[in-house]
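Visitor: There's a structure below that I have some questions on.
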Amino acid sequence: MMPRHHIIVGAGLAGALLALLLARRGHRVDVFERRSDQRIRGYEGGRSINLALARRGLGVLEAAGLGAAVLQCAVAMRGRQVHPLDAPEVFLPYAHTASECIWSVHRGRLNHLLLDAAEAAGARVHFQQRLGLVDFPARRAEIINDGDRRVRWIDFDALLGGDGAGSALRNAMQGHADLHPEIAPLDHGYKELEIPPSAEGGFRIDGGALHIWPRGGFMLIALPNTERTFTATLFLPHKGSTQSFDVLETTEHARAFFEAIFPDALALMPRFAEDWASHPTSSLATLRLHHWHLDRRAVLFGDAAHAMLPFHGQGMNCAFEDAEALDRLMADTPDLADAFAAFEAERRPNAEAIQTMAVENYLEMRDAVDDSHWRLQRALELELAARHPERFVPRYAMVSFTRTPYAEAFARGCWQRALLVDATRGITDLAQIDLAALDARIHAGLEPLPAMWREFSV
Ligand SMILES: Cc1cc2nc3c(=O)[nH]c(=O)nc-3n(C[C@H](O)[C@H](O)[C@H](O)COP(=O)(O)OP(=O)(O)OC[C@H]3O[C@@H](n4cnc5c(N)ncnc54)[C@H](O)[C@@H]3O)c2cc1C
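Per my numbering, the very first residue in the sequence shown carries number 54; after that it's consecutive.
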């Protein structure tokens, strides 16, 4: 394969990884990134400080040679610690085996690792240089230097767009082809708060769990960091006359709300008032497009193509799979238009499936995890998973602990959910269930999950 010159827009998580993969193949790679170099100026992303890395995302990073380095700055989370308002806390393990966990990683540190690796492989990253307009017929792109305000036009063969949910490349493509964007904003926003280490320097609550305070229409979650802190995120409706960001106008209102609704969490946050006042309230949305590429001239990947709600912790994982697939298909398919079309055909159904599952997971996390019937279904799910480890893999596990394509996980999950609902109808105890009959249904209805999707090396 002839070396090519590739231009990537955005050096976020997906853009930096794609730069690394393409540079490793011997291509010339230039990346234009709107922000300044975080490695010099400190992280200024303004978005979630830590992210849940799942098996599939780690698998891509391992293949890129970064697995060990990433795990060094990650904390393993082996289950959900649920904090009901008026009942004792309960720990719900994700699975029976210790290898099945997700990892909490620092967004900034992970981005640094990827940028260092991309540059070491030969990619050139141009910071504070953002994409402006694009002249697709002439194949020229406007690059605006936000440092010195200079504007220049560069020639390109193809633009690879990893410039995130507000993608400038996507906007430019929309002028030449109807990408058919559908944006579904969530009526809930989020705000981040910090739980510092204890006076002794340890975690204040279990550092091996993802903590959830489900409260019906809204929730608080907290993910651990290697510094023994937690980043807590409150997801709450933007508007509403009672429990919404709108009515929490002052820090005093917010404190009173926490005292009533999240008293145990508030007790862990000595800097609550400062965090509340200084941290922004941000919005969330799902973005779907009918087309991800403009013939051979441009393609979108990561959040630029399919921003999703964060409630399955999969946006970054999906974006890493995108980068891996785009690199592979560009290497295997001589014509870029064919490569981009194959990329869209492979990845779009999967992105749409995880977008749907992210919405469903939100409802489950905020409403269901402290519901006794939901827990009965979950107990049955784990029982069936133990009886049929190769066939009946819970949907959360397929998404988080295997590399099962999202669309396949979604389809199998629908089948399994129907069986669980059916089997627990009118039932209060697992002992009342005819497990042998369920065994037969599972053998008839579910093929074993292919081994290549289930392999673990951690
Ligand atoms: C609250 C929250 C929690 C989340 N939690 C998780 C989680 O637990 N697990 C998970 O897998 N995912 C999670 N996600 C999703 C994850 O953050 C994204 O899916 C991921 O960052 C996508 O990577 P990306 O590279 O496509 O986009 P981004 O990370 O947004 O990177 C885009 C880059 O493009 C740059 N850029 C933008 N415009 C231009 C321009 N015009 N020119 C040049 N550069 C430009 C930006 O500065 C940025 O560096 C979460 C998201 C949110 C909001």
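Positions of the beta carbon are idealized from the N, C-alpha and C atoms, including for glycine.
Bear in mind that the values here come from a model prediction, so they are computed numbers and not experimental data.
Taking the C-alpha atoms as reference points, what is the distance between Asn414 and Asn103?
Guide: Computed Cα separation, rounded: 19 angstroms.
Visitor: Please report the residue range of the alpha helix (DSSP H) in which Glu327 lies.
Guide: Start and end: Phe325 to Ser331.
Visitor: Cys467: buried (16+ other C-beta within 10 angstroms of its C-beta) or exposed?
Guide: Exposed: under 16 other Cβ atoms inside 10 Å.
Visitor: Does the region 189-205 come close enough to the region 242-258 that 3 or more CB-CB pairs lie under 8 angstroms?
Guide: Cβ pair count under 8 angstroms is below three, so no.
Visitor: When burial is assigned at 16 or more other CB atoms within 10 Å of the CB, is Phe144 buried or exposed?
Guide: Exposed, since its Cβ has fewer than 16 Cβ neighbours within 10 Å.
Visitor: Identify whether Gly65 lies in helix, strand or coil by the three-state DSSP scheme.
Guide: Gly65: coil per DSSP, three-state reduction.
Visitor: Taking 6 angstroms as the cut-off, is the C-beta of Met410 nearer than that to any heavy atom in ligand 1?
Guide: Flag unset: Cβ of Met410 not near ligand 1.
Visitor: What separation, rounded to the nearest whole angstrom, lies between the Cα atoms of Asp388 and Ala173?
Guide: Roughly 28 angstroms separates the two Cα atoms.
Visitor: Based on the DSSP secondary-structure assignment, which residues constitute the bridge partners of Leu353?
Guide: Leu353 is bridged to Gly214.
Visitor: So is Ser336 buried or exposed if we call it buried at 16+ other beta carbons inside 10 Å?
Guide: Exposed is the call here.
Visitor: In or out: Val187 buried (at least 16 other Cβ within 10 Å) or exposed?
Guide: With 16 or more Cβ atoms within 10 Å of its Cβ, Val187 is classed as buried.
Visitor: Please identify the residue among His346, Met361 and Ile486 whose C-alpha is closest to the C-alpha of Leu222.
Guide: Checked all of His346, Met361 and Ile486; the closest Cα to Leu222 is His346.
Visitor: Is it the case that the CB of Arg87 approaches a heavy atom of ligand 1 more closely than 6 angstroms?
Guide: Arg87 Cβ: within cutoff of ligand 1.
Visitor: Measuring from the CB of Leu145, is there a heavy atom of ligand 3 at a distance below 6 angstroms?
Guide: With respect to ligand 3, the structure offers nothing, as its ligand set consists of ligand 1.
Visitor: Give me the Cβ distance between Ala140 and Arg350, rounded to the nearest whole Å; I'm assuming they're in contact under 8 angstroms.
Guide: Rounded, the Cβ-Cβ distance is 57 angstroms, inconsistent with contact.
Visitor: Could you have a look at Ile407 and say whether DSSP puts it in helix, strand or coil?
Guide: Helix.
Visitor: Quick check: does the Cβ of Asn403 come within less than 6 angstroms of any heavy atom belonging to ligand 1?
Guide: For ligand 1, not one heavy atom lies less than 6 angstroms from the Cβ of Asn403.
Visitor: If contacts are defined as beta-carbon pairs under 8 angstroms, then Phe288 and Tyr243 qualify, I think. What distance do you get, rounded to the angstrom?
Guide: Confirmed, about 5 angstroms.
Visitor: Let me check one thing: in DSSP terms, what residues is Pro501 bridge-paired to?
Guide: DSSP lists no partner for Pro501.
Visitor: Mind listing, in chain order, the continuous alpha helix (DSSP H) runs of no fewer than 4 residues lying wholly within the region 140-179?
Guide: Listed in chain order, they are 160-173.
Visitor: For ligand 1, is there a heavy atom less than 6 angstroms away from the beta-carbon of Pro363?
Guide: Yes, the Cβ of Pro363 comes within 6 angstroms of a heavy atom of ligand 1.
Visitor: Cβ-heavy atom distance between Gly368 and ligand 1 below 6 angstroms?
Guide: Yes, since a heavy atom of ligand 1 falls inside the 6 angstroms radius drawn around the Cβ of Gly368.
Visitor: Alpha carbon to alpha carbon, what distance is there between Leu213 and Ala76?
Guide: Computed Cα separation, rounded: 14 angstroms.
Visitor: Taking the DSSP output, what are the residues bridged to Leu106?
Guide: Trp156, per the DSSP bridge assignment.
Visitor: Mark Gly269 as exposed unless 16 or more other C-beta atoms lie within 10 angstroms of its C-beta, in which case mark it buried.
Guide: Exposed: under 16 other Cβ atoms inside 10 Å.
Visitor: Would you mind stating whether Ala320 and Leu66 have Cβ atoms separated by less than 7 angstroms?
Guide: Not in contact: Ala320 and Leu66 (Cβ atoms no closer than 7 angstroms).
Visitor: When we look at the beta-carbon of His159 and count the other beta-carbons within 10 Å, is it buried (16 or more) or exposed?
Guide: It counts as buried.
Visitor: Would you call Val511 buried or exposed, if buried means 16 or more other Cβ atoms sit within 10 Å of its Cβ?
Guide: Only weak support is given to the placement of Val511: the predicted model assigns it a pLDDT of 43, under 50, and the value that follows is read from those uncertain coordinates. Looking at its Cβ environment, which holds fewer than 16 other Cβ atoms inside 10 Å, Val511 is exposed.
Visitor: Less than 7 angstroms between the C-beta atoms of Val446 and Phe393, yes or no?
Guide: No, Cβ-Cβ distance for Val446 and Phe393 is not below 7 angstroms.
Visitor: Among residues of its own chain, excluding the 5 on either side of Ile61, which ones have a beta-carbon nearer than 7 angstroms to its beta-carbon?
Guide: If we look at Ile61 and ignore the five residues flanking it on each side, its Cβ neighbours are Gly68, Leu71, Ala72, Val82, Val84, Leu213 and Gly215.
Visitor: Flag Arg183 as yes when its Cβ comes closer than 6 angstroms to any non-hydrogen atom of ligand 1, and as no otherwise.
Guide: Flag set: Cβ of Arg183 near ligand 1.
Visitor: Between the alpha carbons of Leu379 and Arg400, how many angstroms are there, rounded?
Guide: Answer to the nearest angstrom: the Cα atoms are 9 angstroms apart.
Visitor: So, Ala411 versus His441, is the Cβ gap smaller than 7 angstroms?
Guide: Cβ atoms of Ala411 and His441: not closer than 7 angstroms.
Visitor: Taking only the alpha-carbon atoms, compute the straight-line gap between Ala127 and Glu377 and give it to the nearest angstrom.
Guide: For Ala127 and Glu377, the distance between alpha carbons rounds to 21 angstroms.
Visitor: So, does the region 252-267 touch the region 229-243, judging by three or more C-beta pairs under 8 angstroms?
Guide: These segments do not touch.
Visitor: Taking the DSSP output, what are the residues bridged to Gln134?
Guide: According to DSSP, which records beta bridges pairwise, Gln134 is partnered with Phe144 and His264.
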